[in-house]
Amino acid sequence: MAYKILTSQCISCNLCLSVCPTNAVKVVDGQHWIDPELCTNCIGSIHTVPQCKAGCPTCDGCVKQPSDYWEGWFANYNRVVAKLTNKQDYWERWFNCYSYQFMVSN
């Protein structure tokens, strides 16, 4: 599975349920998750990016699942260090998120 839904970031808007072309997004006990047996990462469909990521209003609710332990560890480390040192500007993050969604929708 290449994507997962972060339950701490998920606002339960259910947009990912309606945009997934393979119905891989499930809700179990109030928690959203992506079924790895059904998920194709939108490869081979008319979509160029995973729709769960493109449709997520939080921009952080659906994230790429690292392929190995150390890749995930360093990605998490870099994200935390960027937050602690305020290296990620709020407006830059907002622009990157919404300009990406605009490009995907057009």
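Its first residue numbered 157, the sequence shown is counted upward by one per residue in the working numbering. We put the beta carbon where it would ideally sit given N, CA and C, even for glycine. This structure is a prediction, so every number in the text was calculated from the model and none was measured.
Three-state secondary structure (DSSP) of residue i
i, result
"residue 207", "helix"
"residue 169", "coil"
"residue 253", "helix"
"residue 157", "With a pLDDT of only 48 at residue 157, under the threshold of 50, the placement of this residue in the model should not be trusted; the figure read from the coordinates follows. DSSP places residue 157 in coil when its eight states are reduced to three."
Proximity to residue i [Cα-Cα], best of the options
i, options, result
"residue 194", "185, 186, 183 and 178", "178"
"residue 201", "209, 176 and 181", "176"
"residue 191", "182, 198, 197 and 229", "182"
"residue 162", "221, 234 and 204", "221"
Alpha carbon of residue i to alpha carbon of residue j, nearest angstrom
i, j, result
"residue 157", "residue 168", "Interpretation of residue 157 is limited by its pLDDT of 48, a score under 50 that renders its predicted location unreliable; the figure taken from the coordinates is listed afterwards. Between residue 157 and residue 168, the C-alpha separation is close to 21 Å."
"residue 208", "residue 187", "15 Å"
"residue 231", "residue 239", "12 Å"
"residue 253", "residue 165", "15 Å"
"residue 228", "residue 251", "25 Å"
"residue 160", "residue 211", "14 Å"
"residue 203", "residue 241", "36 Å"
Residue i beta carbon near the ligand GDP (any heavy atom closer than 7 Å)
i, result
"residue 181", "The ligand GDP is not among the ligands present in this structure, which contains no ligands whatsoever."
Cut-off 8 Å between Cβ atoms - residues of its own chain near residue i, not counting five sequence neighbours on either side
i, result
"residue 213", "167, 169 and 171"
"residue 248", "none"
Own chain partners of residue i with C-beta closer than 6 Å, once the 5 adjacent residues on each side are dropped
i, result
"residue 198", "206 and 207"
"residue 180", "190, 191, 194 and 195"
C-beta neighbour in chain C for residue i, strict 8 Å
i, result
"residue 218", "The chain inventory of the structure shown lacks chain C, comprising one protein chain alone."
Sequence-distant residues of the same chain with beta carbon closer than 7 Å to residue i, five excluded per side
i, result
"residue 147", "Because residue 147 is not part of the residues shown, which for the chain are 157 to 262, the question remains open."
Inter-stretch contact (C-beta, 8 Å, three-pair minimum) for the region 172–185 and the region 211–228: yes
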